[in-house]
Amino acid sequence: MMGEKKPVNVTSPPPPLAASVTAAVGELLASWGEGDRAALGALVPLLYDDLHRVAHQYLRRARPGHTLQTTALVHEAYLRLEQYEHPQFKDRVHFTAICALLMRQILTGHERTRRAAKRGAGAEDLSLENAHEIMKGRPLDLLALDDALTALARLDPQQSRVVELRFFGGMSIEETAEAMGLSPATVKRLWSTARLWLLHEISGDATA
């Protein structure tokens with residue numbers, strides 16, 4: 010049995026894959042896009058560390074005592090990926106970005122269901138410590154952030170996507186730029202603008 014995973018610095022890019030693995034990932038993504046559903050089963054083990062890193066990033070922000078564990082969140086994302094038909098993923102980064110979106114949907118869905126069961130009980134706050142903080146250490150409600158991101162997506166989809174990849178997916182500026190097909194400078198600008206907007210939307214305070 011493998012030992013417990015060491016803490017991961019989610020603010021830094023994931024380690025590069027060996028050339029042979031990178032090639033295999035590309036081939037499997039292409040095969041999956043062409044309808045080979047078995048390709049997904051072969052792909053996930055190759056990128057499991059990436060998926061585990063993203064899931065860990067999400068659950069660090071979840072309320073204490075959340076019933077989902079990292080492995081379970083990865084598994085739920087996998088089940089949703091199985092529903093895709095002829096997906097078109099460009100590369101490893103693009104695939105990981107889509108998984109980050111799925112994990113956000115899963116986690117917020119679980120939280121909405123839990124709160125509905127409690128019939129409107131107060132929301133637990135989250136204390137964010139990551140270098141990609143939006144609220145600079147202030148308490149934050151995960152669902153308030155999710156609602157604000159949904160509103161931001163209607164105004165500026167690119168800004169919302171940058172926040173999703175940076176804040177939830179734990180991606181670097183360079184990874185986010187690659188996933189979105191933008192320059193790092195553009196991503197930095199979008200990130201800065203989006204964070205100020207979200208601060209105002211969530212807390213009514215536009216001061217960064």
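Quick note: the sequence shown uses our numbering, first residue 10, plus one each step. A virtual CB, placed ideally from N, CA and C, is assigned to each residue, including glycine.
Minimum C-alpha distance to residue i - residue among the options
| i | options | result |
| --- | --- | --- |
| Asp59 | Ala86, Glu43, Arg46 | Ala86 |
| Leu88 | Arg46, Arg123, Thr122, Leu55 | Arg46 |
| Ala153 | Tyr57, Ser201, Thr117 | Thr117 |
| Arg204 | Val172, Gln78, Met180 | Val172 |
| Asp156 | Ile182, Arg121, Met180, Thr185 | Arg121 |
| Val102 | Val196, Glu183, Gly50 | Glu183 |
| Ile115 | Thr202, Pro166, Val83 | Val83 |
| Asp100 | Arg175, Glu43, Arg170, Ala188 | Ala188 |
Cβ-based burial, residue i [other Cβ within 10 Å; buried from 16]
| i | result |
| --- | --- |
| Arg62 | buried |
| Gly178 | buried |
| Gln66 | buried |
| Ser181 | buried |
| Lys145 | Annotation note: pLDDT 47 at Lys145 (below 50); position unreliable, no value reported. |
| Arg123 | exposed |
Beta-carbon proximity list for residue i, same chain, < 6 Å, skipping 5 on both sides
| i | result |
| --- | --- |
| Phe104 | Phe98 |
| Leu52 | Leu37 |
| Ser40 | Ala48 |
Below-8 Å beta-carbon distance, residue i vs any chain C residue
| i | result |
| --- | --- |
| Ala203 | Of the protein chains in this structure there is only one, and it is not chain C. |
Contacting residues, own chain, Cβ-Cβ under 7 Å from residue i (five flanking each side not counted)
| i | result |
| --- | --- |
| Leu55 | Val30, Ala33, Val34 |
| Cys108 | Leu60, Val63, Ala86 |
| Asn18 | In this prediction, Asn18 has a pLDDT of 40, which is less than 50 and means its spatial position is unreliable; what the coordinates show is noted afterwards. Within the same chain, Asn18 has no close Cβ partners at all. |
| Arg170 | Met189 |
>> Does the stretch 155 to 162 come into contact with the stretch 87 to 106, if we say contact requires no fewer than three beta-carbon pairs (one atom in each stretch) closer than 8 Å?
In response: Segments in contact, no.
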